[in-house]
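A.B. asks: Numbering (my numbering), first residue to last: 1 to 164. Glycine included, C-beta positions come from ideal geometry on N, C-alpha and C.
Written as structure tokens, this is what we have:
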């Protein structure tokens, strides 16, 4: 299996100020490593569109990270701005990833309909917005993780058919 790189971006005002321990980010790092990813970037930033966007852009354009998972800022609170920060950076959205995550979450809680996380491609990188809670981030990633290596392979121009 090809080894891919990953980055985890935790989006939390309190986390960025050191007022709350980040539990979602380290969990996501462990989940990626278990799947053979090399986690090469990790940061905690506040819920600010410019900072989120600059970090994502650098990780794709300069660091060429294959898979970037953000955690936090996907709900309906006024400060939840991760999709708004992410969407303008994407060359193409992949609606099925967000749909699959919400569908899996609906099996656990009706509040899943409030999740606004998106996913898409920028250059040769896949960016996915996950919820901020440790439990929801894990459940959402588990719902799509089996498809991610193939998705990255195809994003990078792999020629193997999807059905093989």
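To the nearest angstrom, report how far apart residue 132 and residue 49 are at their CA atoms.
C.D. replies: In the chain shown, counting from the first residue as 1, residue 132 sits at position 132. In the chain shown, counting from the first residue as 1, residue 49 sits at position 49. Taking the straight line from one Cα to the other gives about 16 Å.
A.B. asks: Contact check, residue 11 vs residue 39 under 8 Å by CB: the rounded distance?
C.D. replies: Within the chain shown, the letter at position 11 stands for residue 11. Within the chain shown, the letter at position 39 stands for residue 39. The pair is not a contact, with the Cβ atoms about 17 Å apart (cut-off 8 Å).
A.B. asks: Whole angstroms is fine: what's the gap from residue 64's alpha carbon to residue 102's?
C.D. replies: Locating residue 64 in the chain shown gives position 64, counting from the first residue. Locating residue 102 in the chain shown gives position 102, counting from the first residue. For residue 64 and residue 102, the distance between alpha carbons rounds to 28 Å.
A.B. asks: Residues bridged to residue 45 by DSSP?
C.D. replies: Translated into positions along the chain shown, residue 45 becomes position 45. Residue 45 is bridged to 11.
A.B. asks: Round the Cβ separation of residue 140 and residue 130 to the nearest angstrom and send it over; I've been treating them as touching at under 8 Å.
C.D. replies: In the chain shown, the residue the question calls residue 140 occupies position 140. In the chain shown, the residue the question calls residue 130 occupies position 130. 5 Å between Cβ atoms; contact.
A.B. asks: Just the Cα atoms here: how many angstroms apart are residue 19 and residue 13?
C.D. replies: Counting from 1 along the chain shown, the entry for residue 19 is found at position 19. Counting from 1 along the chain shown, the entry for residue 13 is found at position 13. So the alpha carbons of these two residues sit roughly 9 Å apart.
A.B. asks: Could you pull out every unbroken beta strand (DSSP E) segment of at least 3 residues lying fully inside the segment 46–115, listed in chain order?
C.D. replies: With a minimum length of 3 residues, the continuous beta strand (DSSP E) runs that stay inside the segment 46–115 are 67–71.
A.B. asks: Can you tell which of 110, 100 and 123 has its C-alpha closest to the C-alpha of residue 117?
C.D. replies: Stepping through the chain shown from its first residue, residue 117 is reached at position 117. Nearest of 110, 100 and 123 to residue 117, Cα basis: 100.
A.B. asks: Check residue 118 in the structure and name its three-state DSSP category.
C.D. replies: The residue you call residue 118 lines up with position 118 of the chain shown. It is coil, neither helix nor strand.
A.B. asks: Do residue 68 and residue 7 have their beta-carbon atoms positioned less than 8 Å apart in this structure?
C.D. replies: Stepping through the chain shown from its first residue, residue 7 is reached at position 7. Stepping through the chain shown from its first residue, residue 68 is reached at position 68. Yes, these two residues count as a Cβ contact at 8 Å.
A.B. asks: In this structure, what does DSSP give as the bridge partners for residue 130?
C.D. replies: For this step, residue 130 is matched to residue 130 along the chain shown. Residue 130 pairs with 71.
A.B. asks: Taking the alpha carbon of residue 78 as the reference point, which residue from 56, 59, 47 and 158 has its own alpha carbon closest?
C.D. replies: By 1-based counting over the chain shown, the position of residue 78 is 78. Here the closest residue by C-alpha is 47.
A.B. asks: Would you list the one or two residues that DSSP bridges to residue 6?
C.D. replies: On the chain shown, residue 6 is found 6 positions in, with the first residue counted as 1. Answer is 39 and 67, bridged to residue 6.
A.B. asks: Taking buried to mean at least 16 other C-beta atoms within 10 Å of its own C-beta, is residue 76 buried or exposed?
C.D. replies: Position 76 of the chain shown, counted from the start, is the residue given in the question as residue 76. Flag for residue 76 reads exposed.
A.B. asks: Any idea what DSSP makes of residue 24, helix, strand or coil?
C.D. replies: What you label residue 24 is simply residue 24 of the chain shown in a count that begins at 1. Three-state DSSP puts residue 24 in a helix.
A.B. asks: Considering residue 154, what are the terminal residues of the alpha helix (DSSP H) in which it resides?
C.D. replies: As a first step, residue 154 is located in the chain shown; it is residue number 154 there, counting from the start. 148–155 is the extent of the alpha helix (DSSP H) around residue 154.
A.B. asks: Any idea which residues DSSP pairs residue 125 with across the strands?
C.D. replies: Here the question's residue 125 lines up with position 125 in the chain shown. Paired residues: 122.
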